[in-house]
Every structure is written in structure tokens, then in C-alpha cells.
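Protein chains in written order, with our numbering: chain A, 527 to 859; chain B, 527 to 859.
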């Protein structure tokens, strides 16, 4: 039995709520769930600075329910919780820089709203299965590499502090209240439907746009090593985490070995694009203060417990991503 | 030069704001600062379930300014920030059990209000010197004992998650924005002016009341080891942390060696009281879920960097505490 067949069995006819469901990963997840025959409800605030984009659900709009609701509207959100079998909780403010200039908004979304949503589940749907999108950012500057799940949580910016609290609430509600929640600590996820307008979601988005618009890619620093997960692999991790009992109460890193330097990534993108250029610039001072240096994940725990492995290598991921935006770029500007 | 003389020099004539200033540690700190000739402003919400009590400032009411303001009233609080030389930030919700039944209030006070206060400092008084009252609770169940400041932060209840975020904001604002903040991770603090009505602040408070009211002390479990800081020692730590440049951006454990089991503490209290009894009961299920087992601190960092050492041993601390409540108990019920 391939994972697809078995996952289709798990989700077919089931009710699924996706917060941040018009965003990059949320919309790719929604597409997979529609394919599996799930009844998908999507919540998204469509805040212009965030990842939500109606283009992300082109072709499946008739098959999903969309609520334009902000996760900070706690009561409205709570009304969508009863009756759901699965909750994929991906809504979030993702920009590290924005979290430093407007820390209170980051707190309301990444921390406060998470607690309100968990309270809604505890009160109105304690049997729901939750998968929360956490982030490598909560580790801060790594003590050692690759970073496994036991690495201390020591965030270096407001976004990391609030995401750490949001994740901790999920794991606490699993342990103390029996809510069946799982947290995935994502590394850099790339692929179709990511934000490319600016670096608020991922710097790779901007690089893709620069390449397609025939501008040189701007590499800051360049020596930092990172790992990258292709979005279809990330989606599979969310589905497996929701489907497998072994994931309840657990936290898992996602990875995408081998790690590459940002400069190597830029080279590879120019290569895959069959053209283009990059310039290497010094790190801006404001960014340096909250940069974490090298990061790459040890993802053996999710391989062992859930059988997840990234299937798409970096070259293939970049090829598919560039292919998508060569056609779709105007919808993302 | 004794520490008193040197601290008096630091605080004499200076403007000091204490949040939670009618509470247990806050009011003892306020008394010390008045003695040193500081101009003390106190903020407290006097929420009945929390530690604030007007009796705590008996005798110094003419010498301090009191604002009955809740730290959740962000704008009101922000207006008190300009012009302060020191900010002792002690306002907090302290009950672990209450944080589980009403997690959102805990978040608003221990997390959200902390960020708002730091933003007010950044915007209106970036030179202020801040000392934040953090807690051993953020370590969760210790990996090793005694617990030093490098121990992973891994809270086991809502209160711990929010306090961890509140502390992290302080240290981040020190590192990134140059706000001169220090965090003290308090262990069990005991002494005059603690809440004795119930266990919301510390179980020792209830034990003191039970002894004085001639009821048996109720010991839950009894084998857990804990350490205790006498409040005058804790106050000295706050003052030293505010006075010494070496403390900026740092986090320090407070301790009170040697650790004792809760059963030994109960025995000692009966001994010091020259009468009374205790019963040992099984841990209630709801509490067990968020209990951390043994805890005691390694407090060598604050000894080394700031020269702090607890001066009052446990027997003396209990003697002074019981002496206070034998006279004062009616004001605390």
C-alpha cells in the first residue's frame, strides 16, 4: 500500500479545517486533501503582508469552503471548530523583521490566537486531531548541527518567542488536556504558491522573482548553511502527522538534506534557470542582530516514527518552483 | 563599604517604579527603597486572587505613590514609564492551577503586558534600568540538579509558558534594543507579606496560616525537594541586579541552599512554631500533571557576578515569617 492510498483512506469524507489555508503550505495541503476526498474548510485573513492569496486555490474553489476570518477573531474562529475531524493550524505571522518592528501583532497572532484556538478545541471539540506549523526559528542560534528536537528552545527574535509559546501551548494541551496535537518544526519550505513579493515568508521567494524578472539575486552573507523542504514533502509530513497515532503529543523537525550554503543555493538557482546572476552583499545590521547563522535539521525522528522522508531533492524543487512562477508570477506581485 | 551603604548611594533620590508593588516581594522591595531614599511609585491592580494587599505598605503610605492600575491597561501603564530611573517589574499572575483553568488571563498578564511594558520603555524611556521577576517554573521538570541558568527552558504549565515568553522578551530587548534589563529566576520565596489566604502564591503561605490557626499542615506528596529564599535576600538580589552593570542582559537563578523535602519543611515549621501538626496526603491528580518533582537552584552565577548570597537560613526565615503572621494574620485573610 503506497502512502497515497493509505492517506486517502484516512481523509476521505472527513471534515478538515485549515487555518492559513490560502497561504503557501496551507493551500498546497488543501489541494492534497481535496484530492483525497476530504471536506475542506479554509480560514484565512488575506492580510496583504502575509502569505494568503486567492490564486492559491485556483481550480479547487468549488470544492472547499473559504472563510475570510482572522485568527485574532477568537469567537468567530471558535464557531468553526465543532464537527471538524482534523485541524491543520498554519495561520501565522512569518516575518522576523516585522515581528521586531510590530511585536504586538506578532504576539496576538502567533501566541494569543493559538491559545484561544486550543481553548475552543478543549471546550467544543476535544477529540479533534491537530497539527501545528511550528518553526526552526524557536531553536535560535544552534549549539550543534544538525539540530534535533532535544536542542534547547532559545529564540532570538519576537517571532521565535511567540512561536515557541504557541507550540508549547499545543504540546501542553496534548499532555494535560488530552488534545491530540502534534507540532512540526519546519525549516525553509519552498515551492509553488510561496510568497515571492518580498522576503516576509522566505528569502527564496524573492530570489525566484528576481531570477524571473532578470534581476540579480541578492545574497546576504552567503556562507550560512540551510536546508530546504519542498512543499509537497512538507504537505506529506502534515498528513502523516495527522494520520498516525504515534505522532500525538510529539514534536518533529522537518529537514531536507543535504544542507547548502546560501551562495551555493544561488548558484544552483541560476543553473536551473539557465541564466541569471547573483551578487553577494554584507548582512544589514538590523538583520544580523537576529540572525541564527548555520542551521540544518536532524529529521531522523519523523523518519523513524512516521516513515516520512523528503522525496524531492533541491534541484528538482527549484525546477518545479521556477516552472510554476514562470507562468504564475503576475498573480503573486 | 557594606552593601547597604553602597545600595543606598545608588538609589537615594532616584525615581523607581515597581509593578506589583503592593504584593509580597514588591512591597518588601518598596520598603527597602524608601529606606534608601528613593522616590517610589507603585503600580498594583489589587486583584483579590493575587498578592497585592494595602496592609503591605502600612507605615510607608505617605512616602510612596500608589497607582491602582492593572498591567493590562497598557496605555495607563505606559504613562508612568517616562522619568523613571529604575523599573522593578514584579506584577504577575502566580497561580499554576489558575493558569490552567483560565489560561487567557495568565497570558494577558504574564506575556502580553510584559511586551507592552517593554515597548513603552523602548519608546519613552530607553535608558531605564529594568529587573524582571522570572521564575524557576520555566525550567519545568529538571534534567539535573541543582539547576543552573543553562538548563533548558521547558515549562510544564500555562504559567510557565507565559513567564518564559515574558522573560525572553526582556532579554531580547536587552540584546537587540539596548534596553538594560535583567531577569531573576526566583525559587520559592517566603517571608512577611506573602499571601497566606490560599496557595495561589506559595503553598508555604497556607502552611503558615494553618499553623497559626492550629490546623494541621497539609503536605502533598512530601518527598519533593525544594529550596527557599527569604524575602529580604530576594529584595537584595533585585537591588544588586539593578545597581550593577554586570547584570545587564543577564539572567540569574536565586537559591537558598540547602534544599529540603517538603516533609522536612513541615517538621521544621512545627518545631519553630513550638507546636502544631502535619498530615501527608497523596498528590491531587490535577496537580500531579503539572508538578515538576525535585527542584533546587545552582545560584553560583549571581554569587560570582553580583556578590549575592542568601544570608537568612531556613529556620530564621520561618521564625521571622511566623512571628509576623502571629500579629498580622487578620490583615491577610
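Beta carbons are placed, not taken as given, at the ideal position from N, Cα and C, and that holds for glycine.
Best match in the options for proximity to residue i [C-alpha to C-alpha]
i	options	result
residue 613 of chain A	A:788, A:602, A:671 and A:706	A:706
residue 668 of chain B	B:678, B:731 and B:661	B:678
residue 596 of chain B	B:649, B:634, B:845 and B:771	B:634
residue 665 of chain B	B:674, B:640, B:756 and B:770	B:674
residue 676 of chain A	A:577, A:741, A:777 and A:721	A:777
residue 580 of chain B	B:734, B:661 and B:720	B:720
residue 711 of chain A	A:599, A:827, A:662 and A:786	A:662
residue 802 of chain A	A:829, A:716 and A:744	A:744
residue 622 of chain A	A:688, A:657 and A:646	A:688
residue 607 of chain A	A:654, A:774, A:771 and A:683	A:654
residue 620 of chain B	B:571, B:774 and B:725	B:725
residue 819 of chain A	A:600, A:670 and A:638	A:670
residue 827 of chain A	A:807, A:773, A:815 and A:813	A:773
Partner residues on chain B for residue i, Cβ-Cβ distance less than 7 Å
i	result
residue 647 of chain A	In chain order: nothing, as chain B lies at least about 13 Å away.
residue 641 of chain A	629, 630 and 633
residue 828 of chain A	Going along chain B, no residue has its Cβ under 7 Å from residue 828 of chain A, so there is no contact; the nearest lies around 20 Å.
residue 608 of chain A	Residues of chain B passing the Cβ test: none, with the nearest at roughly 20 Å.
Closer than 6 Å: residue i CB and nearest the ligand ZN heavy atom
i	result
residue 595 of chain A	Inclusion of the ligand ZN in the displayed structure is not the case, the ligand content being empty and no account of it being possible.
Buried or exposed by the 16-neighbour rule on C-beta atoms within 10 Å, applied to residue i
i	result
residue 762 of chain B	buried
residue 535 of chain B	exposed
residue 609 of chain B	exposed
residue 574 of chain A	exposed
residue 767 of chain A	buried
residue 811 of chain A	exposed
residue 849 of chain B	exposed
residue 553 of chain B	buried
residue 838 of chain B	buried
residue 859 of chain A	exposed
residue 833 of chain B	exposed
residue 577 of chain B	buried
residue 588 of chain B	exposed
residue 877 of chain A	Here chain A comprises residues numbered 527 to 859, so residue 877 of chain A is not present and cannot be evaluated.
residue 847 of chain B	buried
residue 752 of chain B	buried
For residue j and residue i, the rounded distance between their alpha carbons
i	j	result
residue 544 of chain B	residue 855 of chain B	25 Å
residue 540 of chain B	residue 616 of chain B	19 Å
residue 842 of chain B	residue 754 of chain B	12 Å
residue 784 of chain A	residue 547 of chain B	54 Å
residue 585 of chain A	residue 605 of chain B	53 Å
residue 527 of chain B	residue 703 of chain A	At residue 527 of chain B, the pLDDT of 43 sits below 50, so the modelled position is not reliable; the number obtained from the coordinates is stated separately. Cα-Cα distance, rounded: 55 Å.
residue 796 of chain B	residue 817 of chain A	55 Å
residue 651 of chain B	residue 730 of chain A	38 Å
residue 648 of chain A	residue 736 of chain A	45 Å
residue 824 of chain B	residue 840 of chain B	17 Å
residue 789 of chain A	residue 590 of chain B	60 Å
residue 836 of chain A	residue 685 of chain B	37 Å
residue 769 of chain A	residue 533 of chain A	7 Å
residue 632 of chain A	residue 740 of chain B	51 Å
residue 852 of chain B	residue 551 of chain B	19 Å
residue 727 of chain A	residue 799 of chain A	22 Å
residue 542 of chain A	residue 592 of chain A	12 Å
residue 537 of chain A	residue 563 of chain A	7 Å
residue 750 of chain A	residue 624 of chain B	44 Å
residue 829 of chain B	residue 602 of chain A	52 Å
residue 672 of chain B	residue 822 of chain B	5 Å
residue 558 of chain A	residue 683 of chain A	33 Å
residue 701 of chain A	residue 775 of chain A	7 Å
residue 738 of chain A	residue 722 of chain A	11 Å
residue 747 of chain B	residue 733 of chain B	14 Å
Residue i: contacting residues in chain B (beta-carbon distance under 9 Å)
i	result
residue 674 of chain A	Those within 9 Å of residue 674 of chain A in chain B number zero; the least Cβ separation is about 13 Å.
residue 638 of chain A	630, 633, 634, 637 and 638
residue 923 of chain A	Any property of residue 923 of chain A remains undetermined from this structure, which presents chain A solely from 527 to 859.
Closer than 8 Å at the beta carbon, the chain B residues around residue i
i	result
residue 626 of chain A	702
residue 816 of chain A	702
Where residue i meets chain A, residues with beta-carbon distance less than 9 Å
i	result
residue 683 of chain B	698 and 702
Nearest-angstrom beta carbon gap, residue j and residue i [assumed within contact, 8 Å]
i	j	result
residue 804 of chain A	residue 792 of chain A	4 Å
residue 568 of chain A	residue 560 of chain A	Not confirmed; about 10 Å, so no contact.
residue 696 of chain A	residue 644 of chain A	7 Å
residue 717 of chain B	residue 757 of chain B	3 Å
residue 794 of chain B	residue 831 of chain B	With 8 Å as the limit, residue 794 of chain B and residue 831 of chain B do not qualify as a contact, their Cβ atoms being about 31 Å apart.
Within chain A, partners of residue i - CB distance below 8 Å
i	result
residue 568 of chain B	Under the 8 Å cutoff, chain A gives no residues; its nearest Cβ is about 25 Å from residue 568 of chain B.
residue 679 of chain B	678, 679 and 680
Chain A residues whose Cβ lies nearer than 7 Å to that of residue i
i	result
residue 811 of chain B	None at all; the shortest Cβ gap to chain A is about 11 Å.
residue 695 of chain B	687
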